[in-house]
Every structure is written in C-alpha cells, then in structure tokens.
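Residue numbers (the numbering used here): 1112 to 1608.
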C-alpha cells in the first residue's frame, strides 16, 4: 500500500480534482492519503469534501488530516507540494508594491518582482519540507512540486533540499489545446515536442498525422479571429522567434522586457476577454474572488452529487498518470520540470527545464533534446540567470544577489533604474518580513536604509497606490451571485495555493 501526502491541501478545488484523478486509477484505490495545511478551516473543508467523495465511491480510504507536517509525510512514497507561502496577503504585496513603482504584472508568480519574492518565501519553506521528507518519508520518496515559481522551487529542492523533485504544470497541455483549435484538429491527434523552461517552453515540433505543422502555425493563429485578439503577445513572439510559447498572453507578457514597460502601450498587447489575457493583477483578483465565493458557497458543494471515480473520465493532472506508470508499468509520456543534465544542450546543465519525459515502473526517463533554436534559448537563458540569482539569494539570505536578480529581470530592468530597484527590493523585504525569517538581519538594515533616505530627502517618491493599465475591481458576493454558474466553475478549478 502506497502513501500519498499533500502539503498545502487547503487549496480546495485543486486538491479535490487531484485526488479524483488519482483514485480514478483502479490500482491506486487502496492508497493511504494524508492532508496537511496551516489553514485549519480550509483543511477541514477539503477533508470533508474529499472524504465524502471517497465514501460515495465505496472505497475504504480514511484521510489522515493533520496540521502536523511531519505526521503527514511519515512513510509517504509520493509528496505533493501545492503551497502558497504568505497566502493571498503575501501575493497582494508581490503585485501591489511593484505596481506603485510602475511594474504592471498580470500574475506575478513566476518571474518579475512578484515571482522573485514569491520564490524567496517559497524556497525557505520547501527546504524545511525537504528536511522532513528526508527524515520521515519513505527512502525513495518523490516530491512533486506544483507550487510557483515552479522552476525556482524545483531547483532549490533538488540542489539544496536533497530530495528528488519533479515540477508539474498545466502550461504545455493548455497550449496544445490552442494549437489544436487553430488547426481544426483534436489535441490527441497531435504529436508534439515542447522544450524550454517552465512558462517559457516552446513547441519546437508539432506533427499532425505525421506532417510537421510548425511552419503554418503563425498563419493559422493570425487567421483565427479570436486568437488574433486574445494572444497578441504570443503571436508576436511566434513571428519574431518562430515558435509558439506555452504561456498565456498576460503571463508571457510579464516575463519579457517589451510588452508591459510603457503604460500607454500595455493595452495594445492585452485582450479584455479574460483576466489571463493581460489584466493588471488579474490572477490576484480571481484568487480573492474564488476564496470568497468558496467560503460563501461551500454548503452547496456538500449538497451536490459527489465526484465519481471512473477510468473513463479524462484525467487532466500529470500526477495521476505518473503514479499509475510508476506503480503499474504502463508507459506515460508527459512534459515535466526536471534538472537539465544536458537534455537541452544550450541551457545550463543544472537549471530546471520543462521537457518531454517517459515514465514506467523503472522511473522517469528524460530523453536528449539537443539545442533549442538559438533565439528561444536566448530568451530562456535570460530567465535562467534571474532564477539562479533568486535561488542562491533565498538559500543564503544574500540581499546583494536578490537585488541583482531584480535588476536583471527583463521587465523590472525595463521599467526601473538601479536606484529604484534597490529601494523597491528593500521595501518588499520590509513588507514581507513575516515570511522571510532567513532575512531577519538584512531586513533590519533595509529599514535603516529606508529611514535614512526619507530623513535625508533621497527617498524616491512613488505612487501611493498603483492604478495599472487595466486593473478591475474585485467583485462582491452579490455581484458574483448573478453569474453563479461560471463563478462556481472558476472556484472548482481554482489553482493551487
């Protein structure tokens, strides 16, 4: 009997979908399951909801639900990390403080100022997780990381945590659906090779019935009225670099220096169809609305029909397929985040790459991709340099490296000068101090620097509240009630953390 532990299980919609996928595999219906979280209320809600699903499907599993992480990971074979360190309070600071300086992020959880600071909080926490895993989990336990910034956290766990860690993300799957739509094909009929780094992965080969479709993709996307409007950044990148990128329009735009640096030009690159097309702080708004709605609507979830575990259901999550392959020997091919080790030959060997992998009873095998197209590799290498600085900064509490990461970030560097970057970094350290214990001594020095600058009149004045190019107000419960079906669907599919 195998044991699966979920750290950050209070991410209710995500955790429930994850367990549904896993328990839809008949060979996995006798696993042990443990949930842990620091939010007792959310942990209780998700446990009640998932246990009701389990009971309705006639399984004998009893979820171990605990605030004690060590108890949850004890003897676990597979550990799943879905945490958002700092919660929505920390997330708000990642978005709102840079916005006062003119840095307009759509998401802010992977790169840019928000992603770098999210990584500082997350890396410190996951290294503690790794210590517990090494001491209490099964000897060959695997940590599956869903938390962002995915590459940074997966990098830290493998290099400094000493735990075999694989990063998982939905970007490649979502992009395949886009490509299938413009080709008028079914996603299952496409044979693709996607390679790069998380959220900057490139579809370097797309075959449909054996024919390479990459040369016609730009024309197909331009000809599609909906995609032409909602994916302006991705289409522009495809025109200039030759390949479609995994990440959505709004997300991709904040990793690059060109699309969000001038407030009067941002609207030229974003769509207003959905938050993910480029809305200022769009993901923060959606996360807040999803949290508020779920707390309001939870009694109705308990009245609905339980989830049905069936192998006929399409399983969206990589994880269920991976564990199924490891336990049964059925081969699965997917795109995962792993240590490069020469898979992509023109990216650093120690960085985390997102590439096609094969899984069976022997483990996870990573084929050799070779060189990425030179331009694509250059885009990735720029981000890898920021990731490396951010990881080293978080592990060693090195403020100089942290400020260098911020300065070298494409969008931060495009908007701010070095003095502004140094001040922004100090202000974010001070604001997020409660989640950055490794920086305690440095935060005290940052407070002194800010106080001195204000006293001497050298403090760089910034906006008291950033408006952003396209910032929408958070909807109230009453407003969401008018669209309850779509809002409930959003909350049910809510992201991890």
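Using N, Cα and C, we set each Cβ at its ideal position, and we do this for glycine too. Predicted model only: the values in this text are computed from it and were never measured.
Distance between beta carbons of residue j and residue i, contact taken as under 8 Å
i: residue 1222; j: residue 1366; result: 5 Å
i: residue 1335; j: residue 1293; result: 5 Å
i: residue 1277; j: residue 1447; result: 5 Å
i: residue 1177; j: residue 1418; result: The Cβ separation is near 23 Å, so there is no contact.
i: residue 1571; j: residue 1531; result: 6 Å
i: residue 1105; j: residue 1275; result: Given that the chain is displayed from residue 1112 to residue 1608, the structure contains no residue 1105 and the question cannot be resolved.
Cα-Cα separation between residue i and residue j, rounded to whole angstroms
i: residue 1491; j: residue 1431; result: 29 Å
i: residue 1376; j: residue 1524; result: 17 Å
i: residue 1384; j: residue 1333; result: 17 Å
i: residue 1208; j: residue 1577; result: 8 Å
i: residue 1328; j: residue 1462; result: 29 Å
i: residue 1486; j: residue 1368; result: 15 Å
i: residue 1449; j: residue 1464; result: 6 Å
i: residue 1314; j: residue 1147; result: 36 Å
i: residue 1599; j: residue 1405; result: 8 Å
i: residue 1194; j: residue 1381; result: 29 Å
i: residue 1388; j: residue 1361; result: 5 Å
i: residue 1597; j: residue 1245; result: 42 Å
i: residue 1352; j: residue 1458; result: 17 Å
i: residue 1219; j: residue 1364; result: 11 Å
i: residue 1182; j: residue 1143; result: 13 Å
i: residue 1436; j: residue 1470; result: 6 Å
i: residue 1121; j: residue 1330; result: 43 Å
i: residue 1399; j: residue 1321; result: 44 Å
i: residue 1607; j: residue 1165; result: Since pLDDT at residue 1607 reaches only 44, below the 50 mark, its modelled position is unreliable, and the value read off the structure follows with that caveat. Going by the C-alpha atoms only, they are around 21 Å apart.
i: residue 1261; j: residue 1513; result: 18 Å
Residue i - DSSP class collapsed to helix/strand/coil
i: residue 1317; result: strand
i: residue 1410; result: helix
i: residue 1469; result: strand
i: residue 1145; result: strand
i: residue 1443; result: strand
i: residue 1289; result: helix
i: residue 1424; result: coil
i: residue 1496; result: helix
i: residue 1306; result: strand
i: residue 1391; result: coil
i: residue 1569; result: coil
i: residue 1276; result: strand
i: residue 1088; result: The first residue shown for the chain is 1112 and the last is 1608, placing residue 1088 beyond what the model contains.
i: residue 1114; result: strand
i: residue 1323; result: strand
i: residue 1356; result: strand
i: residue 1510; result: helix
i: residue 1583; result: coil
i: residue 1125; result: helix
i: residue 1381; result: coil
i: residue 1527; result: coil
i: residue 1329; result: helix
i: residue 1301; result: strand
i: residue 1283; result: helix
i: residue 1451; result: coil
i: residue 1456; result: coil
i: residue 1403; result: helix
i: residue 1256; result: strand
i: residue 1502; result: helix
i: residue 1136; result: coil
Member of the options whose CA lies at the smallest distance from the CA of residue i
i: residue 1472; options: 1342, 1442, 1249, 1348; result: 1442
i: residue 1211; options: 1575, 1337, 1245, 1414; result: 1575
i: residue 1159; options: 1388, 1412, 1403, 1257; result: 1412
i: residue 1204; options: 1145, 1505, 1227; result: 1227
i: residue 1140; options: 1147, 1118, 1174; result: 1174
i: residue 1180; options: 1192, 1172, 1171; result: 1192
i: residue 1217; options: 1190, 1583, 1460; result: 1583
i: residue 1323; options: 1499, 1454, 1460, 1354; result: 1354
i: residue 1588; options: 1344, 1359, 1401; result: 1401
i: residue 1310; options: 1281, 1169, 1243; result: 1281
i: residue 1452; options: 1435, 1477, 1433, 1429; result: 1477
i: residue 1403; options: 1586, 1118, 1163; result: 1586
i: residue 1224; options: 1248, 1519, 1197, 1128; result: 1519
i: residue 1189; options: 1254, 1229, 1238; result: 1254
i: residue 1445; options: 1386, 1305, 1544; result: 1305
i: residue 1427; options: 1118, 1134, 1243; result: 1134
i: residue 1559; options: 1581, 1273, 1546, 1534; result: 1534
i: residue 1114; options: 1169, 1185, 1505; result: 1185
i: residue 1424; options: 1136, 1123, 1118, 1112; result: 1136
i: residue 1266; options: 1602, 1392, 1237; result: 1237
i: residue 1386; options: 1359, 1407, 1372; result: 1359
i: residue 1154; options: 1123, 1172, 1289; result: 1123
i: residue 1415; options: 1466, 1161, 1544, 1149; result: 1161
CB contact below 8 Å: residue i versus chain C
i: residue 1373; result: In the structure shown, chain C cannot be found, because there is only a single protein chain.
Inside the segment 1156 to 1223 only - alpha helix (DSSP H) runs reaching at least 4 residues: Runs of the alpha helix (DSSP H) inside the segment 1156 to 1223: 1180 to 1184, 1198 to 1211.
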